[in-house]
Amino acid sequence: MLSPRSSQAISLRLTPMQIPATVTADVSKRSGRWQQTDDAAVSRLSLVLRPGEASEMLVQIRNLSAHSLQLALQVEGDFPPTWCQIGTEGAEVRSGQQTEAVLYFQLAADFFEHHQALRPGETLKLNYQGRLLAKTQEPETGRRQVETADFHLWVRPHTLYPTFLPAIYGEIDFIGRFLKIFEQSFEPSVQTLDALWAYLDPLTTPTALLPFLAHWVGWQLVPYLSLERQRSLIRNAITIYRWRGTRRGLRLYLHLATGLPLDEHLPEAEKHISITEAFHQGFVAGAARLGEDAILGGGRPFYFKVHLRLDQPNQIDEELVRSIIEQEKPAFCNYDLWISTPSTNVLESA
Numbered sequence: 022m023l024s025p026r027s028s029q030a031i032s033l034r035l036t037p038m039q040i041p042a043t044v045t046a047d048v049s050k051r052s053g054r055w056q057q058t059d060d061a062a063v064s065r066l067s068l069v070l071r072p073g074e075a076s077e078m079l080v081q082i083r084n085l086s087a088h089s090l091q092l093a094l095q096v097e098g099d100f101p102p103t104w105c106q107i108g109t110e111g112a113e114v115r116s117g118q119q120t121e122a123v124l125y126f127q128l129a130a131d132f133f134e135h136h137q138a139l140r141p142g143e144t145l146k147l148n149y150q151g152r153l154l155a156k157t158q159e160p161e162t163g164r165r166q167v168e169t170a171d172f173h174l175w176v177r178p179h180t181l182y183p184t185f186l187p188a189i190y191g192e193i194d195f196i197g198r199f200l201k202i203f204e205q206s207f208e209p210s211v212q213t214l215d216a217l218w219a220y221l222d223p224l225t226t227p228t229a230l231l232p233f234l235a236h237w238v239g240w241q242l243v244p245y246l247s248l249e250r251q252r253s254l255i256r257n258a259i260t261i262y263r264w265r266g267t268r269r270g271l272r273l274y275l276h277l278a279t280g281l282p283l284d285e286h287l288p289e290a291e292k293h294i295s296i297t298e299a300f301h302q303g304f305v306a307g308a309a310r311l312g313e314d315a316i317l318g319g320g321r322p323f324y325f326k327v328h329l330r331l332d333q334p335n336q337i338d339e340e341l342v343r344s345i346i347e348q349e350k351p352a353f354c355n356y357d358l359w360i361s362t363p364s365t366n367v368l369e370s371a
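Those letters in the sequence shown? Residues 22 to 371, per our numbering, in order.
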C-alpha cells in the first residue's frame with residue numbers, strides 16, 4: 022500500500038485475497054524498481070497463485086482531488102499478460118468518492134506439467150513481480166497523473182501434506198514445494214483407495230475391470246449384449262442365483278437382459294413379461310367341469326408359458342430369451358414362448 026502524498030490525485034490500496042503463508046528469503050535479492058524495503062510490506066502485497074484456481078486482488082481507489090477524474094487501470098510485470106484480467110466498477114471517480122476494482126489472476130492447470138514450463142538448462146520461475154498503474158485525467162483541465170502500486174505473485178502448487186506436519190514446518194515455503202513431489206507420486210494411489218468402491222461396483226467400474234468382476238461372481242459374459250445390460254446383470258448375479266428356478270428369478274433375468282419392464286403393479290396377464298403356469302386338479306368325479314378345470318388326455322405336467330409383449334418389433338433376441346429360459350427353468354419343466362409385437366397386441370385386445 023502506498024502512502025498518499027499531498028500532490029496525489031488518488032490513493033491506492035491493494036488487498037490480496039489469497040495471502041501466502043510464508044515469504045521466501047529470495048525476496049531480499051530483488052533490486053531495481055521492484056525493490057521492497059520492508060518484508061512485512063512484501064507479505065501484505067503478495068498474492069499466491071495456484072495452477073487451475075482463480076486468485077484475486079482487491080483494489081480500492083479514492084479520489085483525493087477536488088475534481089472528478091477519469092480512471093484507467095493497467096497491470097504490467099514479468100509474468101504473461103494472459104494471467105491477469107481487470108474488473109472495474111466504472112471509468113469515473115467523483116471528488117472524495119471511492120471506487121473498487123479487482124485483479125483476476127489465473128494460471129493454466131498444467132502449469133507445472135506443461136512441456137514448455139521448463140526448458141533444458143533453465144530453472145522454473147515461481148516468484149513474479151507486478152505493478153498496478155492507475156492513470157487519471159481531469160476532464161476540465163486535461164491534467165494527467167499516474168499512481169503506482171507494486172505487488173508480488175507467488176506460484177505454488179496446491180499441496181495437502183504440510184497440514185499433517187507440526188505447524189513449525191508450515192512456516193517454511195520450501196517444505197511445501199518439496200512435499201508436493203511426494204504428493205504427486207502417492208496421491209493417485211490414495212485417490213484410487215478412496216474410490217475403491219467405484220472399482221468394485223459393476224455399474225461404475227472401468228470396462229477393463231468388468232471381466233474380473235464377472236469372474237468374481239461366477240457370471241458368464243454375453244458378448245452380444247450391450248455394456249450397460251452386462252453391467253446390470255453382473256451386479257444382480259447373486260440375486261438371480263438366489264431365485265433361480267422361480268418365476269421371480271426368471272422374470273428378473275429377462276428384464277435385465279431384454280430391457281422389458283417388470284410391471285409389478287399390473288396383473289400377470291398384462292405384464293410385458295408374463296409367466297403363467299397351468300394348474301389342473303385333473304378329473305374328479307362329481308366335481309370336474311370339462312373345458313374349464315379338467316381335460317381328458319393331452320395334459321402337459323410341469324408346464325408354464327412365457328409371454329413377452331414388445332413395444333416395437335425386433336426389440337429382443339428370441340434366441341437369447343430361449344437360452345435364458347432353458348438355463349433358469351427346472352430341468353423337469355416344459356414351457357412355451359410367445360412373443361407378441363404391437364400389431365398382435367392389438368389383435369389380442371380386440
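Where a beta carbon is used, it is the ideal one built from N, C-alpha and C, also for glycine. For clarity, every value in this text was computed on a predicted model and none was experimentally measured.
May I ask you to report which of helix, strand or coil DSSP gives residue i?
i	result
residue 262	helix
residue 362	coil
residue 111	coil
residue 249	helix
residue 183	helix
residue 220	helix
residue 228	helix
residue 37	strand
residue 290	helix
residue 175	strand
residue 146	coil
residue 235	helix
residue 243	coil
residue 350	coil
residue 204	helix
Excluding the five sequence neighbours on either side, which residues of its own chain have a C-beta within less than 6 Å of the C-beta of residue i, listed in chain order?
i	result
residue 252	223 and 224
residue 128	70 and 72
residue 354	323
residue 197	180 and 183
residue 292	284
Quick one: what's got a C-beta closer than 8 Å to residue i's C-beta in the same chain, skipping five residues either side?
i	result
residue 375	The structure shown does not extend to residue 375, since the chain is modelled only from 22 to 371, so the question has no answer here.
residue 227	220
According to the Cβ coordinates, are residue i and residue j closer than 7 Å?
i	j	result
residue 35	residue 172	yes
residue 94	residue 122	yes
residue 356	residue 323	no
residue 175	residue 67	yes
residue 105	residue 96	yes
residue 274	residue 259	no
residue 134	residue 155	no
residue 162	residue 30	no
residue 38	residue 77	yes
residue 149	residue 194	no
residue 296	residue 272	yes
Short of 7 Å in beta carbon distance, which residues of its chain neighbour residue i, apart from the five on each side in sequence? Order them along the chain.
i	result
residue 111	120
residue 107	94, 96, 122 and 124
residue 343	358
residue 205	none
At a cut-off of 6 Å, would you count residue i as near the ligand GTP, judging by its Cβ distance to the nearest heavy atom?
i	result
residue 152	Absent from the structure shown: the ligand GTP. Ligands present: none.
Discussion item. Taking 8 Å as the cut-off, does the segment 348–364 touch the segment 254–269 (at least 3 CB pairs, one atom from each stretch)?
Written reply: yes
inquiry  = I'd like to know if the segment 322–340 and the segment 270–289 are in contact, where contact means that at least 3 CB-CB pairs between them fall below 8 Å.
reply    = yes
Q) Does the segment 180–200 come close enough to the segment 72–92 to have 3 or more Cβ pairs within less than 8 Å? A) no
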